[in-house]
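Asks: For reference, the structure I am asking about is given below.
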Amino acid sequence: MSFMGKGKKAVAAVSEDSLYADRVRVYPKSVHGPVRRFKWAVLIFCLTLYYVLPWVRWNRGIGRPNQAVLLDIFHERFWFFNLEFWPQDIFYLTGLLIMGAISLFLVTSLFGRLWCGYACPQTVWTDLFMWVEREIEGDRNERMKRDSMPVNFDKVWRKGLKHAVWFAVAFWTGGAWIMYYVDAPTVTVEFWKGTASSEVYLFTALFTAATYLLAGWAREQVCTYMCPWPRFQAAMLDEQSFTVTYQAWRGEPRAQGKRVSGAGGDCVDCGACVTACPTGIDIRDGIQLECINCGLCIDACNHVMEKTGRPGWLITWDTLADQAAKATGIHVPFRVFRPRTIIYLSALGLAAVVMIVALMLRPGLGLSVQRDRAPLFVMLASGDIRDGYTVKIVNKSSTQAIFEISTQGMHGATLTETNEELGPAETLGLPVAGDSVGTFRIMVTGQPAALVDGSQPIDFSLRDTATGELTVYHSVFMGPVRRR
Amino acid sequence: MPTKIEKDDVTGQMTTGHEWDGLQELNRPVPRWWLYTWAACCVWALIWCVLYPSLPGITGYYHGLIGYYQRDAVDADVAKVTAQRAGAMDKIKALSFADIRKDPQLLAVAETAGRITFAENCQPCHGAGGGGNPGYPALAAGNWLWGGTLEDIQRTVTFGIRSGQDDARNSQMPRFGADAILKPAEIQAVADYVSTLWGVPGGTGTNPAEGKRVFAENCAVCHGETGQGNREVGGAKLAAHTHLHGDDRAAILAQINNPKMGVMPNWNARLDAAKIKSVAIYVHSLGGGE
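Quick look at the structure:
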C-alpha cells in the first residue's frame, strides 16, 4: 500500500540505535464538518445509552428486580427487559459474542474500521476527554505552546481543572458500570452512605482508574500497542474495502503551499490532515495499522480545499481498487457483495437464525439427569439392579410447583427418592420452590427380566402439574454383563 | 549474530540484521514506558525474593525476611474453617438422628461432612458411593450383616467389626472343613443345598436333601432356617443374589472349609462422634438405609 507519496509522520522520529521510542505527544486539532458532526452524534448516543440504561425500570412483579438491564451475579440471574437468563443459558452470550465478532468482520471488510473510529469505548471516551481538554486548555497550538512553557499559574489551574473534570467523568463512568450489576438507585444511595459492599467500592475505583488512565493518558497507545484488533484487522480488509483514503492520483505531486493552478496536484501539503489526526499519523501514507478510520482528516482537508478554491474530498471514503482505476481515468463501483462479505453475511445469518430459534424454543421447564459414576450400579439381594441419578429440576415460575417424573424404556422400573423419602413408585411428584433449582436423588430399580447386558437407554420424562408442560431427558441405565 | 544491519529503503528504518529466506525484520522500537514497566517488574521481583522464600540451598532454602510458610497459611485456613463449622458439628453431635433430619440445613452439613469423611476413610475398602468390593460389603445395596438403621450403622462405624474392642461387632464362623467338624461329603452336600437358595452358576449339585439336614444342624443357628440371615449375631443372609465372599460354588466351599472373616477398624479411634454420625447419615443415604 505504499504506492502513495511519502509524508512526514508525526509519530516516532527515532534515533536509529535506540530500541525504545519516547512517546510523541499527539495534539489533535479540532475540526468541523459532516464527519465530525456524525462522530459527535454517535458519541452522544453511546454515552447516553451507557449512563441512562441502568436507570430504566421494568416491572416484573413482586419479588423480582425492576431494573430493565441487570446482570445480577450474586443471585445468578441476567435480566434483560422481558427476558430472564439463568447461568445455564450462558451459551446465548456465546452466540451473541460470535455474532458480534462476525458483524465486526463484515463491517470491517465493507467499510474498514468503523468500530474503531466511532463506537469503540476507547474512541468514545478518548474523544470525550479530548473535548474536555480542548474546552479548558484550548486548541492544538495553544496547548503545545503552554506545554512548552515553564510552570506558571495559568498552566497549573488549567491542568488541575482538566484532570479534576477528567477524574469526575471517569468516576461517573466507573460508578455507572457498577449499576449494571446491582440495583442502580439502591447502590447510589448505599454508595454515598458508605454502606455498599467492598466489591462495589473496589470495582468503582478500578473502572474509574481505568477510564482516567486509558482515555486521559494512554489514548491512541491503547489502539497501537495494546489492542489486538488492529493487528489482525488487515486480514479483513482488501482492495474493495470502503475506507478513509487519500486520493493520491489527485493530490500528487504536492504543491508545497504554492498556489499553482494547472501544475501539480491538489494537495497543498498544509498538514491539516496530520494535525487533526487523533492517532498522529499521516493518512497520505495509505492505510496503516494506526489509522482508526475516524475520517476527521476528511473534515480538516475539506476545509483547506474550500479555502484554496479546490474541489473537496481530496481525502475521502473510497476503495483502493477504485483509486487505482481513477488514476487511469475510470471508475470502479463499490462492490458490496464479494465472496468475503457473502461468507461473513451467511455466517452471521446462520448464527442469528440459530440464536433466534434457540431463544424461541427455550424451555420454561429445565431438567437435567446425572447418572452416578460410582457405583455404576448396585445389585440388590433380590437380584434387582439399581442405578442412582441426581435429578435437577428448574422451576422458573415464582411459586412452588409439583413436577411429576417417570421413566420410559424399561418395563417395570420403579423410582425412589432418597432425600424426600418418596416411592417406590412408577411416578413421583417432586416439589420445587419458586425461582429455584430442586435437586433430587432418584434411585431407579430395574427387574432382571427387563434388562439387557451392560447399558440400555432410559428416558426420564418430567411434567409440570400446573402448566402441563412436558420435557424428556435421555439417559442410560447400567447393569452387569452376565457371564454365560 | 546479526550481520547485515542496513537501512530499509521503503520505510527509512534500520533492520535487525536477521534474514530468513530473504525476509528481513525492521527494528521497530517499542514505547519507552514498556521499558519502565519491565524495570518496575524486575524491582518487584527482587523485593519479592528478599521478603519471601525464594532461593534453594543444598540442605535447606532461604526463608525470606517475613518468614512466610505456606503450611502455616493452610493450617490457618483449616483452623478458620473448623471454627466456622464448630457450631454445626456440635449440633450434629448433640442432636438425635431424627432431630438432625428435621433441620434441612444441618442435614446438608452432615451429608457433606459424611461424604468427605467417607471418601477419605471408608472408600478404599467399600468403594466410591458404597459400591463394595469382593470381601467388603456393598453398603449401597442394603444387604446388611449388622443392620441398616442409622443407629446400627453408627454403632458399626464407632466400634468396628472384630476390631478387638469390647463393644465391637463380633461373629465367628467355625472352620467346618479345616477343623474337621464336617466330613467332606457333608460339606459338598451343604454346598448343594445352599446353592438352591439362589441361582448359583453351575447348578445345585447332587444331594441338596442331605445338605438341608446338615445345614439345619450346623448352620441354621446363625444363617436362619431358610438362609435368611440373623443380624443379632451377624449371620449373613445366604438366600440372596449377592454375597460378601463370592457367589459361585468354589466360593461357597471355600467359605465352609476355612471361612474368611474380615475386620473393620473401630473408627472412634480416628474420627470424632460428629463425623461418625455424619458418615452414618451419608451411608444411610446411599440407597441401602433402613
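Order-wise, the sequence lines are chains U and Z.
With the first sequence counted from 1, adding 170 to any position gets you my numbering.
With the second sequence counted from 1, adding 470 to any position gets you my numbering.
Idealized CB from N, CA, C, for every residue including glycine.
1) Give the single residue among Z:Lys-747, Z:Gly-757, Z:Thr-628 whose Cα lies nearest to the Cα of Val-579 of chain Z.
2) What do you get for Arg-654 of chain U, buried or exposed, if any count of 16 or more other CB atoms within 10 angstroms of its CB means buried?
3) What residues in its chain sit with their C-beta under 6 Å from that of Phe-281 of chain U, if we drop five residues either side in the sequence?
4) Classify Gly-345 of chain U: buried if its beta carbon has 16 or more other beta carbons within 10 angstroms, exposed otherwise.
5) Let's see if you can read the secondary structure: which residues bound the beta strand (DSSP E) around Trp-487 of chain U?
6) So, with DSSP's three-state summary, where would you put Thr-485 of chain Z?
7) Does the Cβ-Cβ distance between Val-684 of chain Z and Glu-656 of chain Z come in under 7 Å?
8) By how many angstroms is the C-alpha of Leu-213 of chain U removed from the C-alpha of Thr-511 of chain U?
9) So which residues on chain Z does Met-613 of chain U lean against when the C-beta distance must stay under 8 Å?
10) Pick out whichever of U:Gly-287, U:Pro-448, U:Ala-425 has its Cα sitting closest to the Cα of Arg-304 of chain U.
11) Any idea what DSSP makes of Glu-702 of chain Z, helix, strand or coil?
12) Where do the ends of the beta strand (DSSP E) carrying Phe-255 of chain U lie?
13) Who are the Cβ neighbours of Ala-182 of chain U in its own chain at under 7 Å, not counting the five residues just before and after it?
14) Specify the secondary structure class of Arg-313 of chain U as computed by DSSP and reduced to three states.
15) Closer than 6 Å to a non-hydrogen atom of the ligand FAD - does that hold for the CB of Ser-567 of chain U?
16) Over what stretch of residues does the beta strand (DSSP E) that includes Phe-610 of chain U continue unbroken?
17) Which residue marks the beginning of the alpha helix (DSSP H) containing Pro-650 of chain U, and which one marks its end?
18) So with CB distances below 8 Å, who are the chain U contacts of Ala-563 of chain Z?
19) Nearest CA to the CA of Lys-653 of chain Z: which residue from Z:Arg-502, Z:Gly-537, Z:Ile-726?
20) Leaving out five residues before and five after Asp-491 of chain Z in sequence, what residues of the same chain have Cβ atoms less than 7 Å from its Cβ?
21) If I measure Cβ to Cβ from Ser-310 of chain U and keep anything under 8 Å in the same chain, skipping five residues before and after, which residues do I get?
22) Assuming contact is defined by CB atoms lying nearer than 7 Å, are Gly-699 of chain Z and Ala-690 of chain Z in contact in what I supplied?
23) Arg-719 of chain Z CB to nearest chain U CB: under 7 Å?
24) Just to confirm before moving on: does the CB-CB distance between Asp-439 of chain U and Leu-484 of chain U stay below 7 Å?
25) Mind checking if Asn-591 of chain Z is an interface residue toward chain U, Cβ cutoff 7 Å exclusive?
26) Give the straight-line distance between the Cα atoms of Arg-652 of chain U and Gly-553 of chain U, rounded to the nearest whole angstrom.
27) Listing by chain order, which chain U residues have their CB less than 8 Å from the CB of Leu-535 of chain Z?
28) Can you list, in chain order, the residues of its chain whose CB lies under 8 Å from that of Leu-577 of chain Z, leaving out five sequence neighbours each side?
29) Taking only beta carbons into account, state which residues of the region 581-612 of chain Z come closer than 8 Å to chain U, listed in chain order.
30) Checking 7 Å against the spacing of the C-beta atoms, do Val-664 of chain Z and Ile-722 of chain Z come in under that value?
31) Are Glu-680 of chain Z and Ala-709 of chain Z closer than 7 Å when you measure CB to CB?
32) Starting from Arg-625 of chain Z, find everything on chain U with Cβ-Cβ shorter than 8 Å and list it in chain order.
33) Under 8 Å: do the region 513-523 of chain U and the region 269-285 of chain U share three or more Cβ pairs, one atom per stretch?
34) In chain order, which continuous runs of the alpha helix (DSSP H) of length 4 or greater are located wholly inside the region 452-479 of chain U?
35) Roughly how many angstroms separate the alpha carbons of Ala-743 of chain Z and Gly-584 of chain Z, rounded to a whole number?
36) Check whether the region 561-578 of chain U and the region 632-639 of chain U are in contact - that is, three or more C-beta pairs closer than 8 Å.
Replies: Answer, in terms of the structure:
1) Z:Lys-747
2) Confidence in Arg-654 of chain U is poor, its pLDDT being 49 and thus under 50, which makes the residue's placement unreliable; the coordinate value appears in the next sentence. Exposed, by the Cβ-count rule.
3) Phe-412
4) buried
5) 485-488
6) strand
7) yes
8) 27 Å
9) Gly-757
10) U:Pro-448
11) coil
12) 253-255
13) The predicted position of Ala-182 of chain U is uncertain, since its pLDDT is 45 and thus under 50; a value taken from the coordinates is nonetheless stated next. These residues qualify, in order along the chain: Ala-191, Val-194.
14) helix
15) No copy of the ligand FAD appears in this structure; indeed no ligand is present at all.
16) 606-616
17) First-last for Pro-650 of chain U: undefined, no H or E at that position.
18) Here residue 563 of chain Z is Lys; the residue named in the question, Ala, does not match the sequence. Going along chain U, no residue has its Cβ under 8 Å from Lys-563 of chain Z, so there is no contact; the nearest lies around 22 Å.
19) Z:Ile-726
20) none
21) According to the sequence as given, residue 310 of chain U is Arg; it is not Ser. The residues are Tyr-197, Pro-198, Lys-199, Ser-200, Thr-445.
22) no
23) no
24) no
25) no
26) 12 Å
27) Per Cβ cutoff of 8 Å: no residues; Leu-535 of chain Z is ~29 Å from chain U at best.
28) Ile-570, Arg-571, Ile-751
29) Gly-597, Ala-598, Gly-599, Gly-600, Gly-601, Gly-602, Ala-608, Ala-610, Ala-611, Gly-612
30) yes
31) no
32) Going along chain U, no residue has its Cβ under 8 Å from Arg-625 of chain Z, so there is no contact; the nearest lies around 22 Å.
33) yes
34) 466-477
35) 12 Å
36) yes
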